[in-house]
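Asker: Okay, so the sequence shown: first residue is 7 according to this note's numbering, each after it adds one.
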Amino acid sequence: MRSIIYTCGVALALAGSAMSLGCNVHDNSLVVDDPNVNFDTDVDTDNVEQGQEVTVHVDVEDKVLVEPDATPPEGEADVAVYVQIHLDDTSNAPLLITAEASASVTIPAETPPGKHRLICAVHKHDDGMPTGQEEIIEINVKASASVGTDG
Numbered sequence: 007m008r009s010i011i012y013t014c015g016v017a018l019a020l021a022g023s024a025m026s027l028g029c030n031v032h033d034n035s036l037v038v039d040d041p042n043v044n045f046d047t048d049v050d051t052d053n054v055e056q057g058q059e060v061t062v063h064v065d066v067e068d069k070v071l072v073e074p075d076a077t078p079p080e081g082e083a084d085v086a087v088y089v090q091i092h093l094d095d096t097s098n099a100p101l102l103i104t105a106e107a108s109a110s111v112t113i114p115a116e117t118p119p120g121k122h123r124l125i126c127a128v129h130k131h132d133d134g135m136p137t138g139q140e141e142i143i144e145i146n147v148k149a150s151a152s153v154g155t156d157g
């Protein structure tokens, strides 16, 4: 009798914890509410120069990357997204808007030396609204060496 009560209690506890997770299970399919965005680079993030092009790699799990002015593939309009890459704050104008898995972002020449953040923000293709999914690459911008001529 005691083991039946214990088993029922464990089953209820497991059912309650599964319901509190951020996903739904329908017809044996797992539906993820907030898929992950992967955002990385191969450059030395501690030594980025003003005006440098930084190659970034983007992948949004369970979504299809589609350029904002392109038509999504048939049947995938509801999962079509693109990304905006910002420097330090998403309220600033984006440095790049793309749906490419690999792209080059130019660090503005006027960026002050010091610590900065490249922010990859995912946007819905249908209305352009941000999904709230963001990933960050921390960079350290160094002053670029400028060559002057005396004359």
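Yeah, the Cβ is synthetic: ideal placement off N, Cα and C, and Gly gets one too. Just so we're clear, the structure is a prediction, and the values are computed from it rather than from any experiment.
1. Use the C-beta contact count for A86: other C-beta atoms within 10 angstroms, 16 or more gives buried, fewer gives exposed.
2. Near V64, which residues of its chain fall below 8 angstroms by C-beta distance, leaving aside the five closest residues on each side in sequence?
3. Quick one: residues in its chain with C-beta nearer than 6 angstroms to the C-beta of V128, no 5 flanking neighbours on either side, listed in chain order?
4. CB-CB under 6 angstroms to D52, same chain, minus the five flanking residues each way: which ones, in chain order?
5. What separation, rounded to the nearest whole angstrom, lies between the Cα atoms of G154 and Q58?
6. V49 by DSSP, collapsed to three states: which one?
7. The beta strand (DSSP E) with D65 in it runs from where to where?
8. In the DSSP assignment, what residue or residues form a beta bridge with G120?
9. Between T117, P119 and D50, which has its C-alpha nearest V170's C-alpha?
10. Let me make sure I understand the geometry here. Which of K121, V111 and P118 has the alpha-carbon closest to that of D48?
11. What would DSSP say about A83, mapped onto helix, strand or coil?
12. Take the Cβ of G142 as the centre, count every other Cβ of all protein chains shown within 10 Å, and call the residue buried at 16 or more, exposed below.
13. Classify K69 as buried or exposed, calling it buried when 16 or more other Cβ atoms lie within 10 Å of its own Cβ.
14. Over the uninterrupted beta strand (DSSP E) stretch that includes T96, give me the two end residues.
15. Sort V54, T117 and A83 by Cα distance to D132 and report the nearest one.
16. Taking DSSP as the reference, what is the three-state secondary structure of A115?
Answerer: A quick look at the data gives this:
1. buried
2. V43, N44, F45, L71, V89, T104, E106, A107, S108, A109 and C126
3. V43, V66, V87, V89, T137 and Q139
4. N146
5. Confidence at G154 is low in this model, with a pLDDT of 48, below 50, so its placement is unreliable and the value that follows should be read with caution. Cα to Cα, G154 sits roughly 19 angstroms from Q58.
6. coil
7. E59 to V66
8. V147
9. Missing from the structure shown is residue 170; the chain here goes from 7 to 157 and no further.
10. V111
11. helix
12. Position check: residue 142 holds Ile in this sequence, whereas Gly was assumed. I142 should be labelled exposed.
13. buried
14. From DSSP, T96 is part of no beta strand (DSSP E); its letter is neither H nor E.
15. A83
16. coil
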